[in-house]
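Asker: Each protein sequence line maps, in turn, to chains P and Y. Counted from 1, the first sequence has number 136 at position 135 by my numbering; the numbering is strictly sequential. Counted from 1, the second sequence has number 1200 at position 212 by my numbering; the numbering is strictly sequential. In this text, a Cβ means the ideal position worked out from N, Cα and C, and glycines have one as well. Nothing here was measured: the structure is a model prediction, and the numbers come from that model. Let me give you the structure first, and then I'll get to my questions.
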Amino acid sequence: MIERLINRLFKHIDGFLMGSIAITMLLGLFVLYSASGENPARMMAQLTNISVALVVMWVAANIPPQHLERVALPLYLLGLVLLTGVAMFGEITNGARRWLDLGVARIQPSELMKIAAPMMLAWYFAKREASLQMVDYIIAAIFLAIPAAFILKQPDLGTTLLIVGSGIFVIYLAGFSWKLILALSATFAALAPILWGLLHDYQRRRIIILFDPHQDPLGAGYHTIQASIAIGSGGLAGKGWLSGTQSQLDFIPERTTDFILAVFGEEFGLLGNLFLLLLFTLIIGRGMLIAAQAQNTFCRLLAGSIALTFFTYAFVNIGMVSGILPVVGVPLPLISYGGTSLVTLMLGFGILMSIQTHKKLVAT
Amino acid sequence: MRFRSELKNYQQESHYFRLRLWVGALLVLVCFGILAARMFYLQMIRHEHFHTLAESNRISLVPVQPNRGMILDKNGVILAHNFFVYSLEITPARVRNVEETVNQLAELVSIDALDRKRFKKIMAESEEFESIPLRTHLNETEAARFAVNRYRFPGVEIKSRLFRQYPQGPLGSHLVGYIGRINDKDIEQLKESGQLSNYKGSDHIGKTGLEQYYESTLHGKTGFKQVEVDSGGHAVRVLSSTPPVPGDNLILSVDSKLQKIGEEAFGDRRGALVAINPRNGEVLAYVSMPTFDPNLFVGGIDTENWKLLNESLDKPLINRPLRGIYPPGSTFKPFVALAGLEAGKRLPPFSIKDPGFFMLPGNRHRYRDWKPEGHGVVDMQKAITISCDTFFYGLAHEMGIYAMTDFVRHFGFGQKSGIDIAGELEGLLPTPEWKKRRWKQPWYPGETVIFGIGQGYMLSTPMQLAQATAIFANNGVAMKPRIVASIQDARNDSIRPVDPVIVDRVELHADNVAIVRKGMEDVTLPGGTAVAVGAGAPYTVAAKTGTAQVVGIKQGEKYDASKLDERHRDHALFIAYAPADDPKIALAVIVENGGGGGATAGPIARKVIDYYLLGKEPAPAEMPAAAATAETAPAATGAALTPAATPTANGDHQHD
């Protein structure tokens, strides 16, 4: 009886993926404990976030992919409506209009779009599978550009980047011509200096600081410089848990959220960083394997996009904290404090698990 | 068939998709490889660099101010010390609206207009990020009341500060001096002397007097604490500390009691008194009247008090013993006398018959004596006692200017005494070369004549007169005058005495010294010019009176009409040493606009000598004015009768 219940409970959970995620989140809890200044309230809040996210993941894992395919279009349209709502009635916090108060709850529609946009594109390509033409890629790009434009306007550069990324991954995996990829890249490279010439001085300066934090060490560059110092001073094995001076003495801004990797790198050193990269690689690898084994186009495209988007998360965050990418607001997946992005991420993993565990046996 | 093609299609498609996935995976591996390489670069290759940066981030060196040394009189009476006070301080850079903050603070602790003014003045002179005292000397209640409301006032703090205090107030203020806030000029000087780093954490420095001269001794060595700080600069814990070395204490040769008697003897008169132990150069009293309260300067003086002190007609801020320059007048005569005797001139039994004036050969101009009818038959000893101008006119003319200046230079005239207070003036020992340089005019014989009675261009400070007297009392051996007798190490209380230093020595014949001394002893005996000084004294006093004509009134000075006459009166001068046969104290007194030297300056000297030699304190009711009226002995007034003798004369005064 109990065995059957457990069986029922874990029937649609992918063991390997779940294991990797669990280890990563556990690591995240340790880092958060240190980064928050050993604050138990923060820990409880994050445990709550994790619980909610696990439930969401479980639910998603138990929904068969065919159902997902059916709700792709309505979900996307709902997302657009909500984004329009945000643009018109949204609450402004920290200078950005991202939240929508629905009376019962405050939601962030851009998070919904992180899943809805790639689903929409995957659905569209699956539908047009038989007769895929150039125009379909253009239509897909438009589906992607509409929500991206809304979110960029909020402004939320980090989320825009992730959504555009997730959509581009779908387009890429759907078979967008290599020649055109090369041609577009070349065109952009050629246009870049011309665009640069069109910018105002202050805009150029902002971009320069984005790439060279030492131009403004006390302003925009402060985060990156202090984070580099934290990571660099960690050395091979780190200063030890709870012993990072940069972290504990408040030199790292946003050290529980976007810059939590600096705390991790300072206290656990290069070995810790490599271990974390390994965990991420395992998760991404598993996601790609699920995509490779998926049985239809919708599932393949969606799974591939989810895996690669997770990679984008990790790469952009680690890149910006370690100072090789400009600072955009992207949290470190599964580790940064915060519920919203965690729920979205776990929703994605739930979908991966659903795709993996609802396969029909096919003779090969 | 259709199924096959579909299957084939599916397989082809799947293969195609997998290829794309493989490319994606490659992208992931390359990107993560870049991240790993970046981490390797930061954490291995650049580790040392970032480690240093992290350490300098977290560790801050906090200076610890040393305790400033105390200043004690010879008996251990405290003249300057430190004590802790709570002070309410504002860092303007951290306050949004300073004015408003001050107003809000005024509701918690009392802040009067003076506090506000002083605060504004210091704020204008300081950097934005410096902590500036608004109110000092907060009591416990006020400190507590602020502490409760502290959260409302970011950028406002209560600091426990070491405050300099001068418990004797105005007593010896020119001697002790005062400290004040370090200004740009001080920083420049500290930079030049390489001392700036030792002043991190100090905000006061000696400005005048001993506080200034002995700054390096008093200040001590600043200590440092290595403190772990957070990003806001707040200390989290102390990692290590090097304690400061407290400044050394100064123990003076001055007796504050004697100093007090000297100051009180002046009453409300202006002037100076310097008393020296002729045997070792120790300064026994150093009076500059009027005095002021140095405590006013410690926290930064407010504009009103500063105006009051700076613009007062009495010039209380002038350090008269070192910076007041006066013609020595007749007090110069003993030194001219000795110059003559040592040159073999006017040796006994030489005498003149004084007609009341002197004339240069071939010239009809009369250099008059202060006594129009003359003094009758006068020899060297009597000439000193009665201050006979005619006698010295002749001697000066016969000796010539160089013989006199060369000799008296050994008594410290025209040069700094080297006393341990800064700002000393040299006075003026005029020579024909000096006049040519200064006025582009030749030296006239008449100027040599009046030099013999200490008039003309000749100028000296009270310090120089006291020093000259001490050198004479010490048989021509010049000791370096010094106020600090010993320096006490504040850590172990061990005392290092300051050794006496001989700075000059002139060979004198005992016979000649005896003649001058006898002449000076008789000054305080019946028939002399300062009988009151010697009256009833159980010891013998060798003395000389003098009078200096007042310099013309400066333009632009405001005058109180009722005081006008008083300020035109001559300055009274007096030099003395006692006991005459075994000198223990030598002194010089100047009373500005005091009239005759014997009448006003003499009694002041008497009180000081009485206390020093006998321990006798003056009767409290006895005022200097009363002493002056009691005394009717004639004073030397040579200067007044010699029109050529104003020190401001520009060279074209009367001569032949």
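Tell me which same chain residues have a C-beta within less than 6 Å of the C-beta of Val1226 of chain Y, skipping the five on either side of it?
Answerer: Only Lys1213 and Val1215 meet the Cβ criterion.
Asker: Quick one: which chain P residues come within Cβ less than 8 Å of Leu1009 of chain Y?
Answerer: Those within 8 Å of Leu1009 of chain Y in chain P are Leu174, Met289, Ala292, Ala293 and Gly305.
Asker: Can you check whether the C-beta of Arg1034 of chain Y is within less than 8 Å of a C-beta belonging to chain P?
Answerer: Yes, because at least one Cβ of chain P sits closer than 8 Å to the Cβ of Arg1034 of chain Y.
Asker: Taking Cβ positions, are Ile352 of chain P and Leu283 of chain P nearer each other than 8 Å?
Answerer: Their beta carbons are not under 8 Å apart, which means Ile352 of chain P does not touch Leu283 of chain P by this criterion.
Asker: Return the residue from the list Y:Gly1400, Y:Met1508 and Y:Asp1174 that minimises the CA-CA distance to Cys1376 of chain Y.
Answerer: The residue with the shortest Cα to Cα distance from Cys1376 of chain Y is Y:Met1508.
Asker: Measure from the C-beta of Thr282 of chain P to each C-beta in chain Y and report whether the shortest distance is under 8 Å.
Answerer: Taking Cβ atoms only, chain Y reaches closer than 8 Å to Thr282 of chain P, which makes this a yes.
Asker: Considering only their Cβ atoms, is the gap separating Gly270 of chain P from Gly236 of chain P smaller than 8 Å?
Answerer: In contact: Gly236 of chain P and Gly270 of chain P (Cβ atoms closer than 8 Å).
Asker: Say the cut is 7 Å; is the CB of Phe1280 of chain Y nearer than that to a heavy atom of the ligand SAM?
Answerer: This structure does not include the ligand SAM; it has no bound ligands of any sort.
Asker: Under DSSP, the beta strand (DSSP E) around Ile1563 of chain Y begins and ends at which residues?
Answerer: From DSSP, the beta strand (DSSP E) with Ile1563 of chain Y extends over His1559 to Ala1566.
Asker: Between which two residues does the alpha helix (DSSP H) containing Ser21 of chain P stretch?
Answerer: Gly16 to Ala36 is the span of the alpha helix (DSSP H), which, as asked, contains Ser21 of chain P.
Asker: Using a Cβ-Cβ cut-off of less than 8 Å, list which residues of the segment 1020-1034 of chain Y approach chain P; keep chain order.
Answerer: Taking 8 Å as the Cβ-Cβ cut-off against chain P, the residues of the segment 1020-1034 of chain Y that qualify are Phe1020, Ile1022, Leu1023, Ala1024, Arg1026, Met1027, Phe1028, Leu1030, Gln1031, Met1032 and Arg1034.
Asker: Between Arg1056 of chain Y and Ser1244 of chain Y, what straight-line distance do the alpha-carbon atoms span, to the nearest angstrom?
Answerer: About 21 Å.
Asker: For a contact meaning CB atoms closer than 7 Å, what does Leu278 of chain P contact in chain Y?
Answerer: Those are Phe1020, Leu1023 and Ala1024, listed as they occur along chain Y.
Asker: Please list, in chain order, all residues of the same chain as Ala1461 of chain Y whose beta carbon is under 6 Å from its beta carbon, the five residues on each side excluded.
Answerer: For Ala1461 of chain Y, where only same-chain residues beyond five positions count, the Cβ hits under 6 Å are Pro1266, Tyr1565, Pro1571 and Ala1574.
Asker: Which bits of chain Y does Ser229 of chain P rub up against, with CB to CB less than 8 Å?
Answerer: Neighbours of Ser229 of chain P on chain Y, chain order: Leu1030 and Phe1038.
Asker: Which residues in the same chain have their Cβ closer than 6 Å to the Cβ of Lys1506 of chain Y, if we skip the five residues on either side of it in sequence?
Answerer: If we look at Lys1506 of chain Y and ignore the five residues flanking it on each side, its Cβ neighbours are Gln1369.
Asker: Taking the beta carbon of Ala1609 of chain Y as the centre, do at least 16 other beta carbons fall within 10 Å, making it buried, or is it exposed?
Answerer: Note that Ala1609 of chain Y scores 49 on pLDDT, short of 50, meaning its location in the model is unreliable; the coordinates nonetheless yield the value given after this. Ala1609 of chain Y is exposed by the Cβ-count criterion.
Asker: Closer than 7 Å, Cβ to Cβ, to anything on chain P: give me those residues from the segment 1044-1067 of chain Y, in chain order.
Answerer: If the cut-off is 7 Å between Cβ atoms, the segment 1044-1067 of chain Y has Asn1045 and Arg1046 near chain P.
Asker: Considering Gln1452 of chain Y, what are the terminal residues of the alpha helix (DSSP H) in which it resides?
Answerer: Element bounds for Gln1452 of chain Y: Pro1450 to Ala1461.
Asker: What residue from P:Ile230, P:Leu145 and P:Gly239 has the CA that sits closest to Phe252 of chain P's CA?
Answerer: Nearest option by C-alpha distance: P:Ile230.
Asker: Counting only the same chain and skipping the five closest in sequence on each side, list residues whose C-beta sits under 8 Å from that of Phe1072 of chain Y.
Answerer: So the qualifying residues of the chain are Ser1148, Arg1149, Leu1150 and Phe1151.
Asker: Might you give, ordered along the chain, the residues of its own chain that have their beta carbon closer than 7 Å to the beta carbon of Thr1708 of chain Y, omitting 5 neighbours on each side?
Answerer: Limits of chain Y in this structure are 989 at one end and 1644 at the other, which puts residue 1708 of chain Y out of reach.
Asker: Given this structure, state the Cα-to-Cα distance separating Gly1426 of chain Y from Gln1443 of chain Y, to the nearest angstrom.
Answerer: For clarity, residue 1426 of chain Y is Arg in the given sequence; the question names Gly instead. Taking the straight line joining both Cα atoms gives about 18 Å.
Asker: Does the segment 1507-1521 of chain Y touch the segment 1287-1294 of chain Y, meaning 3 or more C-beta pairs lie closer than 8 Å?
Answerer: Output reads no: the segment 1507-1521 of chain Y does not touch the segment 1287-1294 of chain Y.
Asker: Glu1216 of chain Y by DSSP, collapsed to three states: which one?
Answerer: Note: Glu1216 of chain Y maps to strand in three-state DSSP.
Asker: Nearest chain P C-beta to Phe1071 of chain Y closer than 8 Å, yes or no?
Answerer: Not closer than 8 Å to any Cβ of chain P, the Cβ of Phe1071 of chain Y fails to qualify, so no.
Asker: If you draw a straight line from the alpha carbon of Leu1240 of chain Y to that of Pro1155 of chain Y, how long is it in whole angstroms?
Answerer: C-alpha separation (whole angstroms): 16 Å.
Asker: Is Phe1005 of chain Y close to chain P? Criterion is C-beta to C-beta, closer than 8 Å.
Answerer: For Phe1005 of chain Y, the answer is yes, since a Cβ of chain P falls inside 8 Å of its Cβ.
Asker: Three-state secondary structure (DSSP) at Trp1 of chain P?
Answerer: There is simply no residue 1 of chain P to check, as chain P begins at 2 and stops at 365 in what is shown.
Asker: Can a CB atom of chain Y be found closer than 8 Å to the CB of Ile356 of chain P?
Answerer: Ile356 of chain P does not count as touching chain Y.
Asker: Measuring alpha carbon to alpha carbon, tell me which residue in Y:Tyr1600, Y:His1559, Y:Gly1603 and Y:Leu1601 is nearest Gly1586 of chain Y.
Answerer: Looking at the Cα atoms, Y:His1559 is the closest of the given residues.
Asker: Taking 8 Å as the CB-CB cut-off, is Ile336 of chain P touching chain Y?
Answerer: Answer no: the Cβ-Cβ gap between Ile336 of chain P and chain Y never drops below 8 Å.
Asker: So, using beta-carbon positions, are Tyr1074 of chain Y and Ala1112 of chain Y closer together than 8 Å?
Answerer: No, the pair does not count as a contact, with Cβ atoms beyond the cut-off.
Asker: Whole angstroms are fine: how far does the CA of Glu112 of chain P sit from the CA of Thr341 of chain P?
Answerer: Cα to Cα, Thr341 of chain P sits roughly 7 Å from Glu112 of chain P.
Asker: Report the neighbours of Leu1159 of chain Y on chain P: residues whose CB is nearer than 9 Å to its CB, in chain order.
Answerer: Simply none; closest approach about 52 Å.
Asker: At a Cβ threshold of 8 Å, is Arg256 of chain P touching chain Y?
Answerer: No, its Cβ sits nowhere closer than 8 Å to a Cβ of chain Y.
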